[in-house]
């Protein structure tokens with residue numbers, strides 16, 4: 004079956020540092036890929052998405068590129084802020100399937116001032 | 067405001083005492099789903115529904131029931147809760163096959179003693 008693997012956290016960075024959170028996937032078909040963010044005490048919010056190979060998703064300074072050759076969807080941000088502290092989830096889904104999302108285990112990011 | 071609501075937000079109960087967690091969305095979405103979140107495991111899908119009276123099992127359905135009698139509501143039922151069902155539960159909705167974005171509720175933290 005399909006699966007998503009993320010780097011284990013927590014990831015601790017200083018403000019304005021460069022962020023990379025690794026995500027790789029195993030899929031039987033051609034899924035869309037997503038990053039969701041969960042702020043403390045809240046539900047998940049969609050951060051960005053990519054629907055096919057070589058697509059780049061971007062939002063709020065975060066970026067991720069759908070790499071089919073390496074089955075990866077790494078999340079990057081050039082300069083993190085304290086307000087970016089949250090748990091980040093990589094996920095995949097097929098647009099015509101009711102079984103909606105397969106998630107990775109989540110990576111906690113802590114940004115220090 | 068477009069949203070997914072869940073009740074209760076926090077629940078402590080005892081083994082074997084039936085409980086229901088409600089979920090409601092006001093966006094007229096077709097798809098709804100329940101996930102549980104456990105440390106290191108990310109979110110795992112329990113059940114999903116593609117429309118009224120159409121439900122199917124996700125990855126971890128054992129010990130849970132759902133129903134979809136109205137489009138906006140998708141309650142999660144634990145007939146005989148056990149301690150291994152202690153978890154954080156999220157309801158989510160999605161417009162349908164033409165839309166990737168899922169909207170998550172705020173979560174219900176359940177403790178079974």
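Residue numbers (my numbering), protein chains in the order written: chain C, 4 to 116; chain R, 67 to 179.
Backbone N, C-alpha and C define an ideal beta-carbon position, used for all residues, glycine too.
Just so it is clear, the structure is predicted and the values come from calculations on it, not from any experiment.
Check, Outcome
"Okay, do the region 23-36 of chain C and the region 68-80 of chain R touch, 3+ Cβ pairs below 8 angstroms being the bar?", "no"
"Looking at chain R, is there any beta carbon in it that lies within less than 8 angstroms of the beta carbon of residue 103(C)?", "yes"
"Can you have a look at residue 106(R) and say buried or exposed, based on whether 16 or more other CB atoms are within 10 angstroms of its CB?", "exposed"
"Hey, residue 80(C) and residue 69(C) are a contact pair by Cβ (cut 8 angstroms); roughly how many whole angstroms apart?", "Contact doesn't hold; Cβ gap of about 17 angstroms is too wide."
"Would you call the CB atoms of residue 171(R) and residue 72(R) closer than 8 angstroms?", "yes"
"Could you check whether the Cβ of residue 76(C) sits closer than 8 angstroms to any Cβ belonging to chain R?", "no"
"Which same chain residues end up closer than 8 angstroms to residue 23(C) when comparing Cβ atoms and leaving out the 5 residues on each side of it in sequence?", "77, 78, 79"
"Going along the region 165-178 of chain R in order, which residues come within less than 8 angstroms of chain C, judged by CB to CB distance?", "166, 167, 168, 170, 171, 172, 173"
"Who are the neighbours of residue 35(C) on chain R, taking C-beta pairs under 7 angstroms?", "166"
"What's the call for residue 158(R), buried or exposed, on a 16-neighbour Cβ count within 10 Å?", "buried"
"Using 8 angstroms for Cβ pairs, my map puts residue 112(R) next to residue 97(R). What's the rounded Cβ distance?", "With a Cβ gap of about 14 angstroms, residue 112(R) and residue 97(R) do not count as contacting."
"Along the chain, which unbroken stretches of the beta strand (DSSP E) at least 3 residues long are found entirely within the region 86-113 of chain C?", "89-96"
"Give the range of the beta strand (DSSP E) segment to which residue 52(C) is assigned.", "47-53"
"Are the CB atoms of residue 16(C) and residue 114(C) nearer to each other than 8 angstroms?", "yes"
"In chain order, what residues of the same chain lie with their CB nearer than 8 angstroms to the CB of residue 47(C), ignoring the 5 residues before and after it?", "39, 40, 41, 92"
"What whole-angstrom Cβ distance do residue 166(R) and residue 59(C) have, given they're in contact under 8 angstroms?", "Residue 166(R) to residue 59(C), Cβ: 16 angstroms. No contact."
"Starting from the Cα of residue 160(R), find the closest Cα among 80(R), 87(R), 92(R), 86(R) and give me that residue.", "92(R)"
"Since residue 106(C) and residue 176(R) should fall inside the 8 angstroms C-beta cutoff, what is the C-beta to C-beta distance between them, to a whole number of angstroms?", "With 8 angstroms as the limit, residue 106(C) and residue 176(R) do not qualify as a contact, their Cβ atoms being about 19 angstroms apart."
"Could you name the residues of chain R that residue 12(C) contacts, counting a contact when the two beta carbons are closer than 7 angstroms?", "Those do not exist, as residue 12(C) stays about 10 angstroms from chain R at its closest Cβ, beyond 7 angstroms."
"Tell me which residues share the same chain as residue 86(R) and place their Cβ nearer than 6 angstroms to its Cβ, disregarding the 5 neighbours each side in the sequence.", "141, 143"
"Counting only the same chain and skipping the five closest in sequence on each side, list residues whose C-beta sits under 6 angstroms from that of residue 125(R).", "110, 111"
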